[in-house]
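Numbering (the numbering used here), first residue to last: 11 to 418.
Below is one structure; the comments refer to it alone.
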Amino acid sequence: MTRSSQAGAAVGPTRDAVSDRLLRGSVRKSYAPVVDIDWDAALDPDKFFLPPTVVSLYGTPMWDAMTRQQQIELSRQELVNTLSAGIWFENILNQALLRDLMHADPTSNATHYALTEMGDETRHMVMFGKAIERLGAKPVQPRRYQRVMINGLPLAFKGSLLWVAALVGEEIFDSLQRQMMDDPELQPMVQRLMRIHVTEEARHIQFARDGVRRRVREMPRLHRMWVANLNGVGGLFFRFLFTNPVPYRRAGLDGREARRVARRSPHRHEVQISGFAPLAAFLEEVGLMGPLARRLWRRTNFLPVATSPTVSHGDPAAAGDHETYEGPAVLRIADEDHAVRVRLAGHLDPIDGRFHWRGTVHGRLPDDALRRPEALLTANGRTAAARLTERTQQGDYSIAGLGTPPFA
Ligand SMILES: [Fe+2]
Ligand SMILES: [Fe+2]
Numbered sequence: 011m012t013r014s015s016q017a018g019a020a021v022g023p024t025r026d027a028v029s030d031r032l033l034r035g036s037v038r039k040s041y042a043p044v045v046d047i048d049w050d051a052a053l054d055p056d057k058f059f060l061p062p063t064v065v066s067l068y069g070t071p072m073w074d075a076m077t078r079q080q081q082i083e084l085s086r087q088e089l090v091n092t093l094s095a096g097i098w099f100e101n102i103l104n105q106a107l108l109r110d111l112m113h114a115d116p117t118s119n120a121t122h123y124a125l126t127e128m129g130d131e132t133r134h135m136v137m138f139g140k141a142i143e144r145l146g147a148k149p150v151q152p153r154r155y156q157r158v159m160i161n162g163l164p165l166a167f168k169g170s171l172l173w174v175a176a177l178v179g180e181e182i183f184d185s186l187q188r189q190m191m192d193d194p195e196l197q198p199m200v201q202r203l204m205r206i207h208v209t210e211e212a213r214h215i216q217f218a219r220d221g222v223r224r225r226v227r228e229m230p231r232l233h234r235m236w237v238a239n240l241n242g243v244g245g246l247f248f249r250f251l252f253t254n255p256v257p258y259r260r261a262g263l264d265g266r267e268a269r270r271v272a273r274r275s276p277h278r279h280e281v282q283i284s285g286f287a288p289l290a291a292f293l294e295e296v297g298l299m300g301p302l303a304r305r306l307w308r309r310t311n312f313l314p315v316a317t318s319p320t321v322s323h324g325d326p327a328a329a330g331d332h333e334t335y336e337g338p339a340v341l342r343i344a345d346e347d348h349a350v351r352v353r354l355a356g357h358l359d360p361i362d363g364r365f366h367w368r369g370t371v372h373g374r375l376p377d378d379a380l381r382r383p384e385a386l387l388t389a390n391g392r393t394a395a396a397r398l399t400e401r402t403q404q405g406d407y408s409i410a411g412l413g414t415p416p417f418a
């Protein structure tokens, strides 16, 4: 399916119906972190506060030179940095939502859900603040010039830009938290916090994605180009946040040197690419990944480089026009995105004249994935329709597609 045909595709239920479903979901499952987290439980001195593989220096010589206690301390400081940024972000989002509601219909389900979301975010801010306190750390405060910018953002986030900004702020954290929360190396308190956050954010993301899908169809061309390219600034913001020198210094490292090492780490790039993959797939799907944005996300290592090092183009004469791709991808099944790794190969069939591709999906999928085998696979910035064909003995999935493959 082409990008433009997807952007113009029917959006299904009305905004009101989507909001009604989310409101009912909120009644069924919401948390009060003040009582839903055991704040008095002792922290395990030998456990990490972020899974080691998600700490920014993991996989570098600098990381290997650190003692386990130093590594744990850096994970604690990086978690505090993320929680602090989470609080500012949720504050910005709530301000923008509240301004938007000033002019909205107070009787509509969409207004009621936006208010419910604000309530969730308010409780998340309490949860993050309590967590920082419980971790015995100081929150990371923005500098004066950063505060000026932060104060301006709620005024700028309006209409479609509000929903895209919400997705940029929510989805990258969300997909990383989904990958992290079951890690046995992680402090149980942090696991619980992430589980609570992921549950409630899933509804926020659905609400924002629905908002984007609806608006994108009616957006004037220029406005659409603006939103489609402006979102790339998110890459600069996240690169700044994820390599902020403050946590390094607090963990006793040289802040500048650690930032330089983290920004060049191939493992770190992979973590960022897998964290951004679900949102990248969505922005591609709705036609909001403009060329400038793509370049910015790529430059900040949230998208693989243009010619992915893992894409190999076989010698046509020797390999019979075979192409392969190995790397991160996003598999969408029944409207849910799953970050996976794939190994794919394809060839042009001389009999039917079409491109056939197939391969293996590594990653956790829902138990009933094979009963809903139709999927959308996005890899290396391209999306294609795919079909899960079987579960392998090694616990992976086989996948196949016909036509343009999801890799260059
Ligand atoms: Fe939140
Ligand atoms: Fe949220």
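Heads up, the beta-carbon is just placed ideally off N, CA and C, and yes, glycines get one too.
Cutoff 6 Å; reference residue i; Cβ partners in own chain excluding five residues on either side
i      : result
ALA175 : PHE167
ALA27  : none
SER40  : none
PRO326 : Reliability fails at PRO326, whose pLDDT of 35 lies under 50, so the model's placement of it is uncertain and no value is given.
ARG368 : ALA410
LEU375 : HIS348
ILE102 : LEU163, PRO164
GLU83  : ALA261
Near ligand 2: residue i beta-carbon under 8 Å from a heavy atom
i      : result
LEU103 : yes
ALA176 : yes
GLU100 : yes
ASP130 : yes
GLU295 : no
GLU127 : yes
HIS134 : yes
HIS366 : no
Proximal residues to residue i (C-beta, below 7 Å), its chain only, five neighbours per side dropped
i      : result
LEU32  : TYR123, ARG213, GLN216, PHE217
ASP30  : ASN119
PRO61  : MET190, ASP193, GLU195, LEU196
ARG401 : LEU380, TYR407
ARG259 : GLY265
Closer than 8 Å: residue i CB and nearest ligand 1 heavy atom
i      : result
GLY405 : no
GLY96  : yes
GLU211 : yes
GLU181 : no
HIS277 : no
HIS372 : no
HIS122 : no
HIS113 : no
Beta carbon proximity, residue i to chain B, threshold 9 Å
i      : result
GLY244 : Among the chains of the structure shown, chain B does not appear; only one protein chain is present.
Element boundaries [beta strand (DSSP E), containing residue i]
i      : result
ALA27  : Segment 25-38 is the alpha helix (DSSP H) holding ALA27; no beta strand (DSSP E) there.
GLY169 : Unbroken run through GLY169 is the alpha helix (DSSP H), 169-190; no beta strand (DSSP E).
ARG397 : 392-401
ASP377 : ASP377 -> no beta strand (DSSP E), and no H or E assigned at all.
GLY297 : It is not in any beta strand (DSSP E) - GLY297 carries neither H nor E in the DSSP assignment.
Residues of its chain near residue i, where Cβ-Cβ distance is below 8 Å and the 5 sequence neighbours each way are ignored
i      : result
THR414 : PHE365, ARG392, ALA394
LEU108 : MET128
TRP98  : PRO152, ILE160
LYS140 : PRO43, VAL44, ILE47, TRP49
VAL226 : ALA17, SER170, ARG234, VAL296, GLY297, LEU298
Range of the contiguous alpha helix (DSSP H) that encloses residue i
i      : result
THR388 : No alpha helix (DSSP H) holds THR388; the beta strand (DSSP E) holding it covers 384-389.
GLY2   : Not covered by the structure: residue 2. The range shown for the chain is 11 to 418.
ALA124 : 119-144
TYR41  : Premise fails: TYR41 is in no alpha helix (DSSP H) and is neither H nor E.
ALA268 : 265-274
PHE248 : 243-252
Nearest-angstrom beta carbon gap, residue j and residue i [assumed within contact, 8 Å]
i      : j      : result
HIS279 : ASN311 : 4 Å
LEU341 : VAL350 : 5 Å
LEU177 : ARG219 : 7 Å
Per the contact definition of three or more C-beta pairs closer than 8 Å, is the segment 195-214 in contact with the segment 33-53? yes
Between the segment 236-245 and the segment 288-305, do at least 3 Cβ pairs fall closer than 8 Å? yes
Between the segment 141-150 and the segment 74-90, can you find at least three pairs of beta-carbon atoms closer than 8 Å? yes
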